[in-house]
Structures are given as structure tokens and as C-alpha cells.
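Q: With the first letter of the sequence shown counted as 1, position 115 gets the number 115 in UniProt numbering; the numbers rise by one all the way through.
Just passing along the structure, written as C-alpha cells.
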Amino acid sequence: MLAYVTVGTNDLERARGFYRELFALIGVRETFERYDGRYVGFGTEEGVWRFGVAEPYEGGEAHPGSGIMAAIEASDPAQAKALYDKAIELGAICDGPPGPRLKGAVTCAYVRDLDGNKLNFFCHGSEG
């Protein structure tokens, strides 16, 4: 099982603000900063992170990976939509609107963050 996911950014302060506001909806906050301020982690417990944002260690440009996606768990379809709506409000781009997938087994809402990283606001089950 995964311990954490890290996405890259070319503007850490901008990404930090995006994720601070977005994750506040689900009680997740900034809990970790390392590597001379080039890595910020988010979680629910101080010093422990489940999602990180980093400038490339080698100093190059960050590029979103093809086929890579971070799924952020929502408690229910309404929370998945709220996360999606907040991400769009903060400047993310729609990559698939909120709705049931897999014959209603799950709800997904896809966005690309400010650096083009793909996120899925996800929960088991769907409304309707």
C-alpha cells in the first residue's frame, strides 16, 4: 500500500497555497517541510504526510507524468464534488466532471492542478 504521493511543481509557493485551500475542505493541513523549503507535505498529523509537493531535486523543470494520477479520497459524492469545485475555483482545469464511474461503483471528479498534475477526487459509491 502507498505511504504517500508527491507531485512536482515549478512554483512551490503557488502550489502550496492551492493545496492548503483545497485540502482544508477535508481536514488536511501542511504538516511537513524539508529540503531547504523545496518539499511540502500535507496530512492530518504533525510530521506525517500523505501528499507532497516538491520542486525537482535536481533543479530542472517539473513535468506531470503520463499515466500518473493521485486519487484524493472523499467521504461521499458530495465531498468529491466540493473538492472538484474548490480546485476549479483555485485555477485547476477540468479533466472529467464529477459523476459515477464503473457502473456507479465509484464517483470520480478529475482535474489538472496548476502544474498539470492529474488529480481524482474519489469515493466508493455514487448518488442516484
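Built from N, CA and C at the ideal position, the CB exists for glycine as well.
Quantities reported herein were computed from a predicted structural model and do not represent experimental measurements.
1. Using the C-alpha atoms, what's the distance from residue 52 back to residue 44?
2. Could you give the distance in angstroms between the alpha-carbon of residue 110 and the alpha-carbon of residue 3?
3. State whether the region 33-40 contacts the region 80-89, with contact taken as three or more CB pairs (one from each stretch) at a distance under 8 angstroms.
4. Alpha carbon to alpha carbon, how far is residue 10 from residue 57? Give it in angstroms, no decimals.
5. Under 8 angstroms between the Cβ atoms of residue 106 and residue 123?
6. Out of curiosity, what's the CA-to-CA distance linking residue 117 and residue 28?
A: On the basis of the coordinates in this document:
1. As a position in the sequence shown, residue 44 is number 44, starting the count at 1. As a position in the sequence shown, residue 52 is number 52, starting the count at 1. So the two alpha carbons sit approximately 13 angstroms from each other.
2. Counting from 1 along the sequence shown, the entry for residue 110 is found at position 110. Counting from 1 along the sequence shown, the entry for residue 3 is found at position 3. Residue 110 and residue 3 have their C-alpha atoms roughly 22 angstroms apart.
3. In short, these stretches do not touch, since the Cβ pair count stays below three.
4. Numbered from 1 along the sequence shown, position 57 holds the residue referred to as residue 57. Numbered from 1 along the sequence shown, position 10 holds the residue referred to as residue 10. Rounded to whole angstroms, the separation of the alpha carbons of residue 10 and residue 57 is 11 angstroms.
5. Position 106 of the sequence shown, counted from the first residue, corresponds to residue 106. Position 123 of the sequence shown, counted from the first residue, corresponds to residue 123. In contact: residue 106 and residue 123 (Cβ atoms closer than 8 angstroms).
6. Stepping through the sequence shown from its first residue, residue 117 is reached at position 117. Stepping through the sequence shown from its first residue, residue 28 is reached at position 28. In this structure, the alpha-carbon of residue 117 lies about 19 angstroms from that of residue 28.
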